[in-house]
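Q: The structure's right below; bear with me while I get my questions together.
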Amino acid sequence: MRTKLIPPASESGSESKRESDFESWGRYPKVKSSLRPLHWMGDFPLRPAVSPQLPVGMGRSYGDVCLLEGGTLLGTRGLDRLLAFDAQTGLLRCESGVTLAEILRFAVPLGWFLPVTPGTKYVTVGGAIANDIHGKNHHVAGTFGCHVPRFELVRSDGTRISCSASENSDWFAATIGGMGLTGLIAWAEVQLRPIVSRNICYEGIRFHGMDEFLALSAASSHAEYTVAWIDCISRGRNFARGIFMLGDHSHLPDPLLPTPEPRLSVPFDFPGWALNRFAMRVFNGAYYHKQRHRHVSALVDYEPFFYPLDKVLHWNRIYGKRGFLQFQCVLPFAHGREGMEAILQAIADSGLGSFLAVLKVMGNPASPGSMSFPMPGITLALDIPIHSDVTFRLFDRLAEMTRELGGRLYPAKDARMTAAQFQFFYPQWREFAAYRDPDFTSSFWERVTHGA
Amino acid sequence: MAHKNAIPQTVLVLGATSAIAQAWMRLLAPHGTQFFLVARQEERLRAVAADLQTRGATAVHIEALNLDRTDEHPAMLERAARVLGRIDCAMIAHGVLGDQSQADRDFSHAAMLLHTNLISVVSLGTWLANYFEAQGQGTLAAISSVAGDRGRWKNCVYGASKAGMNMFLDGLRNRLDRRGVQVLTIRPGFVATPMTAHMPQGPLFAQPERVARDIQRAIEKRRDIVYTPWFWRWMMLAVRLIPEWKFKRMDV
Ligand SMILES: Cc1cc2nc3c(=O)[nH]c(=O)nc-3n(C[C@H](O)[C@H](O)[C@H](O)COP(=O)(O)OP(=O)(O)OC[C@H]3O[C@@H](n4cnc5c(N)ncnc54)[C@H](O)[C@@H]3O)c2cc1C
Ligand SMILES: NC(=O)c1ccc[n+]([C@@H]2O[C@H](COP(=O)([O-])OP(=O)(O)OC[C@H]3O[C@@H](n4cnc5c(N)ncnc54)[C@H](OP(=O)(O)O)[C@@H]3O)[C@@H](O)[C@H]2O)c1
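This is the structure:
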C-alpha cells in the first residue's frame, strides 16, 4: 500500500510487486513468482533487498533459465534506452532491456545490422548476453558475446563491475553465458556490422541425409549465414531430407527502410489435438516441396530470412496450454555424422515429430563465456509438443545419447536435463558458481545443481 | 480547421521522465528536434537525454525541478524559451496517481495530489498561454486522463484533478485558438507505465508507444481533444450517458 504521495524510487518498486504464474516461451514449466519491473538503472538493487531474484528479459528462452519458482523476477524491459551510438564505427551502447527488434528499427535505416541474431528478434540484449546466443553465422562470427566489447554488471549488494576482455575479465567470462546468475547486466556495448541493403542473397538447396548436409556445409563455409531445415518425421526413403539455406547480405545498395510493426497475432490457445502427427507430416512434406527445384536462389528481405516466425506474435500458443519442449544439442565433429543420424532416427521412431527442426554446423570462433553452449560441431534444434510421458521419455533418451556422443545441451532451451547430465556437459560449473550473485538463482540452476 | 502542424522542432516537456512522454519524444528525435526536459530526478533525465540524443535529437537540455514548486516555474520557463530560442510545442506530462484510500482519510494527501496534477498545471499553463499568445503559433499539449470524464469513488481526487485540468485547457483553447495556438487535451485510458505497474494488466492496457503515436497524430492534425486508444472516446461517452441516479449506485 502507498504511504506517500510521491514515493521515493526505493519504494516505487515494492508497490509494483505482483505474484502470478510465469511461463517461458515453451510454456513449460509454469511457476509462481513475483514480478518487479525495473524502469531505471537506479531501480536496482532493490531496496529493501529480496531473495531469491533473477533478471528476465523477453522470456524467449524455452525452459526454466528465465524462471524462478517462489522468487522475484526483475523485469528488464523498462530498461530500453539507447545510450550512445558511433555512426562511424557502429558501436552501440544501450540499456540491457533493449530488444534486438528495437536495435534493428534504429540501426537498419542508418546502415547497420546485428552482428549475430537468433531466430527471433524479440529478445533483449541482456538475454542475448546471458545465454550467449548464436545465429546462422556462428561458423564465421561466433556467438553474440564475441561482439559485446563491454558491459556493466551490477550485483545485488550494489557493487558495479565494468566488464571487458581486459577489465575484470573473469567477470566478463562468467557473465557471458552466465544465465543471469552473476548479477544484473545494466547496459552493454554491441558492435554492429554495416549493410547497404535490407536484402539477403539467398540460396536454398535440397538434400538427403547427413552426408549431403555435411558436404554442403563444407562447400559453403564462405557464406555468412548457413542453416538447414530438416524433416524429422519421415523415415525410410525420405529420412533426413531437408533444405540447406545460405545467405549473404546484398552488396547492391537499396533503400534502408524500417520494418513495419507486425499485426498478426495468435490470440488464443489452440486445443491440444490441433497439432497431431498428421498435421505435422503434412507440414513437413509441404515445407520440403514448397521448394520446387533442387536449387533456388533469390533476393529476399532480411525479415523472412531471419525471422520467419516473428510475423505471427505469440505463435507458441499454437501448441496449446500444455506447451512444448525444445531440444538443442551440439555434437563434436568426431561423432557428428553417426551421432546425428542416431538422434534423428530416435526422433523419427518416437513418432512425436516437430514442425521445425534446424541443423547447423558450428564453427571454430571461441565463445568468450565460460559457460557458453556453442562448440565446433553439428547442432540440432527442434521443438516437440508435450504429450504426457512419451515426450519426456524421448527427451531423457536424447539427453543420454548426447552425453554418450560427447556433446552437450543448451540451457536456454532446456527443461529436462538432470543435475548429473548438466554437470557432465559443463564440468566448469563449480568454478562458475563462485561468480553467482548470492541473491540470484533460477529454477534451472536449482534443478541442475540439486544434490551437489 | 484544415490547417496542419509541422513536426515540432523545439519542444519543452514537463515531467519528461514519464513513460508516455518518453515514447512520444522518441518519435520526434529522429527528425532532429531540440528538447528542454524537466522532471525531478537528474539521473533519470540524463538517461532520457542520452536516449533522445542517440536517436537523432539535435540538442537536449535538462533541468531537475520539482514542479510542485510553482514559484520556480516562471524562471524555469524563461530559461527554456531562451535556450530553445522558440517553443514549438510544450507538453505537460507530469502527474501522480495517488492513493484514494489514503485521500479518504487524510486531506493533506488529496491536497498534494491536486497540487501536483492541477495547481502546478495551472501555473505552467498561465505562463505558457501568455507565451504562445505572444508568439501567435505553437502547441500547448497536456496529458489528462479518461478519469476526468466522470467521478468514480476509486479515484475521485485524481479524477477531480484531471477534470479540473480539462476545464482549464478548454478555457485556454477558447482564448488561444483564435491566436493560432493549438491547445491539445490528451485523454489516455490505461497505459502500461510505472504509474500503473502495480495493477494487474488487463486487455484494456495500451502500450505507451501506441499512445505516443496517437498523440503525435493529434498534434499534426491540430486536434483539440484526443482519446487514446480511440475506443475510450466511445466508452467514456457511454459512461457519461449513464444517469447520475444510476451511476451513484454502481461500483465502477
Ligand atoms: C523462435 C525462437 C528462436 C530462437 N532462436 C535461437 C537461436 O537461433 N540461437 C540461440 O542461441 N537462441 C535462440 N533462441 C533462444 C533465445 O535467443 C534466448 O533464449 C535468449 O536468451 C532470449 O532472450 P530474452 O530476452 O527473452 O531472455 P529471457 O529468456 O528472459 O532470459 C534469458 C536469460 O537471460 C538472463 N537475463 C535476461 N536479462 C538479463 C540482464 N539484464 N542481466 C542479466 N541476465 C539477464 C535471464 O536471467 C535468463 O537466464 C530462440 C528463441 C525463440 C523463441
Ligand atoms: N499510465 C496511465 O494509465 C495513465 C492514464 C491516463 C493518464 N495518465 C497520465 O499520463 C501522465 C504521464 O504518466 P505516465 O503514465 O507516463 O507515468 P510515469 O511514467 O509514472 O510518469 C509520471 C511522471 O511525472 C513526473 N512527476 C510526478 N510528480 C512530479 C513533480 N512534482 N515534479 C516533476 N515531475 C513530476 C515523474 O517524474 P520524476 O519522478 O522523474 O520527477 C514521472 O516521470 C500523467 O499525467 C498521468 O496522470 C496516465
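Going line by line, the protein sequences match chains A and B.
Note that my numbering has the first sequence beginning at 47, numbered continuously upward.
Note that my numbering has the second sequence beginning at -13, numbered continuously upward.
By construction, the Cβ of each residue, glycine as well, lies at the ideal position given by its N, Cα and C atoms.
Remember, it's a predicted structure, so these values are computed and weren't measured experimentally.
Measure the beta-carbon distance from B:E29 to A:G88 and round it to whole angstroms, keeping in mind my assumption that it falls under 8 Å.
A: The Cβ separation is near 6 Å, so the contact holds.
Q: With H, G and I counted as helix, E and B as strand and the rest as coil, what does DSSP make of A:I52?
A: Because A:I52 sits at a pLDDT of 25, beneath the cut-off of 50, its placement in the model cannot be relied upon, and the point is left open.
Q: Can A:N177 be considered in contact with ligand 1, in the sense that its beta carbon sits closer than 7 Å to one or more heavy atoms?
A: It does: the Cβ of A:N177 is within 7 Å (strictly closer) of some heavy atom of ligand 1.
Q: Using a C-beta to C-beta distance shorter than 7 Å, which residues of chain A count as neighbours of B:D237?
A: What B:D237 touches in chain A: nothing, since even the nearest Cβ is about 20 Å away.
Q: Less than 8 Å separating the beta-carbons of B:A198 and B:F176?
A: No, these two residues do not count as a Cβ contact at 8 Å.
Q: Can you give me the Cβ contacts of A:Q237 inside the same chain, cut-off strictly under 7 Å, excluding the 5 residues immediately before and after it?
A: Taken in chain order, the residues that qualify are G136, L137, P161, H193, P195.
Q: State the CB to CB distance for the pair B:G1 and B:G81, rounded to an integer number of angstroms; the pair is presumed to be in contact (CB under 8 Å).
A: Sure, about 7 Å apart at Cβ, within 8 Å.
Q: Do A:L371 and A:I432 come within 8 Å of each other at the CB atom, strictly closer than that value?
A: The answer is yes: Cβ separation under 8 Å.
Q: Within 10 angstroms of the Cβ of A:H184, are there 16 or more other Cβ atoms? Answer buried if so, exposed if not.
A: Its Cβ being crowded by 16 or more others within 10 Å, A:H184 is buried.
Q: Could you pull the start and end residues of the beta strand (DSSP E) that A:Y248 belongs to?
A: Where A:Y248 is concerned, the enclosing beta strand (DSSP E) stretches over 245 to 254.
Q: From this set, A:H496, A:R439, A:S413, which residue's C-alpha is nearest A:G223's C-alpha?
A: It is A:S413.
Q: What residues in its chain sit with their C-beta under 7 Å from that of A:P304, if we drop five residues either side in the sequence?
A: Hits under 7 Å: R151, V154, P155.
Q: What residue range does the alpha helix (DSSP H) around A:G172 cover?
A: Note, A:G172: alpha helix (DSSP H), 171 to 176.
Q: If B:S4 and B:T56 are in contact, beta carbons under 8 Å, what's the gap, nearest whole angstrom?
A: At roughly 19 Å, the Cβ-Cβ gap does not stay under 8 Å, so B:S4 and B:T56 are not in contact.
Q: In terms of DSSP beta bridges, what is B:Q20 paired with?
A: BP columns for B:Q20 point to B:T(-4), B:A45.
Q: Name the two residues that bound the continuous beta strand (DSSP E) containing A:Y271.
A: Taken as a continuous stretch (DSSP letters only), the beta strand (DSSP E) holding A:Y271 covers 271 to 276.
Q: Report the CB separation of A:G509 from A:I279 in whole angstroms; it is logged as a contact under 8 Å.
A: Any question about residue 509 of chain A goes unanswered here, given that chain A covers just 47 to 498.
Q: I want to check one thing, is the minimum distance from the CB of B:D54 to the heavy atoms of ligand 2 below 7 Å?
A: Yes, since a heavy atom of ligand 2 falls inside the 7 Å radius drawn around the Cβ of B:D54.
Q: May I ask you to verify whether the region 41 to 53 of chain B touches the region 6 to 18 of chain B, counting CB pairs closer than 8 Å and requiring at least 3?
A: Contact holds: three or more Cβ-Cβ distances are below 8 Å.
Q: Are there three or more Cβ pairs, one per stretch, closer than 8 Å when the region 388 to 403 of chain A is compared with the region 457 to 474 of chain A?
A: They do not touch, by the three-pair rule.
Q: When the Cα atoms are used, what is the spatial distance from B:A183 to A:L84?
A: One C-alpha to the other measures close to 10 Å.
Q: Less than 8 Å between the C-beta atoms of A:S343 and A:E249, yes or no?
A: Contact: yes.
Q: On the criterion of 16 or more Cβ atoms from any shown chain inside 10 Å, does B:Q168 qualify as buried, or is it exposed?
A: Burial call: buried.
Q: So what does DSSP say about B:A198, is it helix, strand or coil?
A: Correct three-state label for B:A198: helix.
Q: Should the region 74 to 91 of chain B be called in touch with the region 128 to 140 of chain B, which here means at least 3 C-beta pairs below 8 Å?
A: With a cut-off of 8 Å, the region 128 to 140 of chain B and the region 74 to 91 of chain B count as touching, because enough Cβ pairs lie within range.
Q: Mind checking whether the beta-carbon of A:R106 lies closer than 7 Å to any heavy atom of ligand 1?
A: Yes, ligand 1 has a heavy atom inside 7 Å of this Cβ.
Q: Just to check, is the beta-carbon of B:H80 closer than 7 Å to a non-hydrogen atom of ligand 2?
A: True, at least one ligand heavy atom lies under 7 Å from that Cβ.
Q: Got a sec: is the Cβ-Cβ distance from A:R127 to anything in chain B below 8 Å?
A: Yes, A:R127 counts as interfacial toward chain B.
Q: Which value, in whole angstroms, describes the spacing of the CA atoms of A:E46 and A:T495?
A: Absent from the model: residue 46 of chain A. The displayed extent of chain A is 47 to 498, so no value can be given.
Q: Tell me which residues share the same chain as A:Q474 and place their Cβ nearer than 8 Å to its Cβ, disregarding the 5 neighbours each side in the sequence.
A: S416, M417, listed in sequence order.
Q: Please list, in chain order, all residues of the same chain as B:A67 whose beta carbon is under 7 Å from its beta carbon, the five residues on each side excluded.
A: Closer than 7 Å at the Cβ level, and outside the excluded window around B:A67, lie I73, Y117.
Q: From the DSSP secondary-structure annotation, give me the bridge partner or partners of A:E69.
A: According to DSSP, which records beta bridges pairwise, A:E69 is partnered with A:K76.
Q: In whole angstroms, what separates the C-alpha of A:G453 from that of B:V(-3)?
A: Rounded to whole angstroms, A:G453 to B:V(-3) spans 57 Å at the Cα level.
Q: Does A:W275 come within less than 8 Å of chain B when only Cβ atoms are used?
A: False, the Cβ-Cβ gap to chain B never drops below 8 Å.
Q: Between A:P83 and chain B, is the shortest Cβ-Cβ distance under 8 Å, so that the two count as touching?
A: Yes, A:P83 counts as interfacial toward chain B.
Q: To the nearest angstrom, how far is the alpha carbon of A:T487 from that of A:S202?
A: Cα to Cα, A:T487 sits roughly 12 Å from A:S202.
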